[in-house]
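Numbering-wise (our numbering), the sequence shown opens with residue 2 and increments by one.
Even glycine gets a Cβ: it sits at the ideal position worked out from N, Cα and C.
Computed from a prediction, not measured in an experiment: that's the story for all the values here.
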Amino acid sequence: MIGNGPAEPAAASVISDAPVLSSSRRLALFGMKNALPVAFLGIIVLFIALQAPNFVSLGNAGDILRLSAPVMVVAVPMAFLLIMGHVDLSVGSVVALSAVVVGLLMTNLGWPPIPAILAGIFVSGLVGLLNGVLATYLGLSPVIVTLGMLTAVRGAAMLLGPNNLYAFFPEEFASISYTGAFGIPYFGMIAAVVVAVGAFVLAWSPVGRHALAIGVNEEAAFLSGINVRATILVAYVATAAMAGLAGVMYAMLLNSAPSGTLGLLFELDVLIGVMLGGIAFNGGRGTIRGAVLGVLFLAILQNGLILLGVPTSFGFLVKGAVLILAAALDRATLRATSAVKGR
């Protein structure tokens, strides 16, 4: 549906419209794209470890994995959207809607956890389908469409369930948030599966090649035989569905579904993570590995600020600064890429 066999060589050629780089230049470019985030992460870890001794512990590492997992599962499909030059700003409200739907079904209608979870993810996917249709088949601005959906979906979540109306879920549902196997939280395992699938699709499947080609030049990708609209639409649906999964995870963590506050500024965390990881906001480049690194960077920073007793208001200030830093790194990487290719 997304492409056909004969178009593969053309699609591959669209991905790179610049001269082929030598191995040494590719290595230099890789270093420029990854050295700064890794260096910053190392400095932050070292600083927090010196100031808060309990930071370096298995228990705290589990907490970081548990709390970063909802952001991680959404960052993976969001990376695909950004690579194709699109974005979904409604994911925070979709998080709240999914949690409320699951809470409504379990609390009021007596549904078992698994069908309720699947229903929450399905409803979230429908929001992504609507976003995709409006942004691709009707040609509306992705930013405007998803900003509108951010408000509309939040309103729908609040209509379905006033703040904290649904709480104290079944033990088998809530317990998933604080249990695990082999010392690894179940949330971490879920995130690892999503990351592995996303990395494989982007690096080894035709869908990944199509996504990169669309980000480089959408018109050329279309002319090469790629079903551009369908590819982008699938990414919107996947992003919203994973936001639904994130909503389920937050409902497990909180043992409630606060429709008015759950997921507020969640989209900011996702965008900071993927942009710190080198995903270009204007499309055409990026890796899942980078997105994972960026999300972990943000999670470790937030965890460290909490352990150091930093006020929440300062945390928001730091997030804003990190987002600007991510944009600056993206710009610097683009210039460095042009410089290396121009040699």
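Q.
Does the structure place the region 312-329 close enough to the region 104-115 that three or more beta carbon pairs sit under 8 Å?
A. Short answer: they don't touch.
Q) Any idea what DSSP makes of residue 329, helix, strand or coil? A) In this structure, residue 329 counts as helix in the three-state DSSP scheme.
(Q) With a threshold of 6 Å on Cβ separation, who are the neighbours of residue 195 within its own chain once the five nearest residues in sequence on each side are excluded? (A) For residue 195, where only same-chain residues beyond five positions count, the Cβ hits under 6 Å are 74 and 77.
Q: Compare the C-alpha of residue 382 against each of 104, 120 and 176 and name the closest.
A: Nothing in the structure corresponds to residue 382, since the chain is present only between 2 and 344.
Q) Ordered along the chain, which non-local residues of its own chain (more than five positions away) have a Cβ less than 6 Å from that of residue 49? A) Correct list, in chain order: 56 and 305.
Q | Nearest to residue 278 (by Cα), restricted to the options 332, 245, 308 and 318 | A | Residue 278 has its Cα closest to that of 332, out of 332, 245, 308 and 318.
Q.
Given this structure, state the Cα-to-Cα distance separating residue 218 from residue 285, to the nearest angstrom.
A. Whole-angstrom Cα-Cα distance: 8 Å.
**Q.** 8 Å contact criterion, which residue 290 and residue 186 should meet: CB distance rounded
**A.** So it is not a contact: roughly 21 Å between Cβ atoms.
Q. Cβ of residue 267 within 7 Å of Cβ of residue 121?
A. Against a cut-off of 7 Å, the Cβ pair of residue 121 and residue 267 comes out as no contact.
Q: Just confirm the distance between the C-beta atoms of residue 99 and residue 248, as a whole number of angstroms; I'd bet it's less than 8 Å.
A: At roughly 3 Å, the Cβ-Cβ gap stays under 8 Å, so residue 99 and residue 248 are in contact.
Q) Do you know how far the Cα of residue 117 is from the Cα of residue 106? A) For residue 106 and residue 117, the gap between their C-alpha atoms comes out near 6 Å.
Q: Could you give the DSSP three-state label for residue 324: helix, strand or coil?
A: DSSP places residue 324 in helix when its eight states are reduced to three.
Q: Express the C-alpha separation of residue 205 and residue 146 in angstroms, rounding to a whole number.
A: Looking at the two C-alpha atoms, the distance is approximately 31 Å.
Q. Out of curiosity, what's the CA-to-CA distance linking residue 131 and residue 54?
A. One C-alpha to the other measures close to 48 Å.
Q) Under 7 Å between the Cβ atoms of residue 295 and residue 85? A) The answer is no: Cβ separation not under 7 Å.
Q. Where does residue 315 land, buried or exposed, given buried means 16+ other C-beta within 10 angstroms?
A. Taking all protein chains shown into account, residue 315 has fewer than 16 neighbouring C-beta atoms within 10 Å of its C-beta and is therefore exposed.
Q: Measure the C-alpha to C-alpha separation of residue 70 and residue 189 and round it to an integer number of angstroms.
A: Between residue 70 and residue 189, the C-alpha separation is close to 6 Å.
Q: Output the distance between the C-alpha atoms of residue 169 and residue 214, rounded to the nearest integer angstrom.
A: Between residue 169 and residue 214, the C-alpha separation is close to 47 Å.
(Q) Quick check on residue 186: does DSSP put it in helix, strand or coil? (A) It is a strand residue.
Q. Skipping 5 residues on each side, what residues in its chain have a beta carbon closer than 7 Å to that of residue 180?
A. Hits under 7 Å: 187.
Q) For residue 257, which beta-bridge partners are listed by DSSP? A) According to DSSP, residue 257 bridges with 168.
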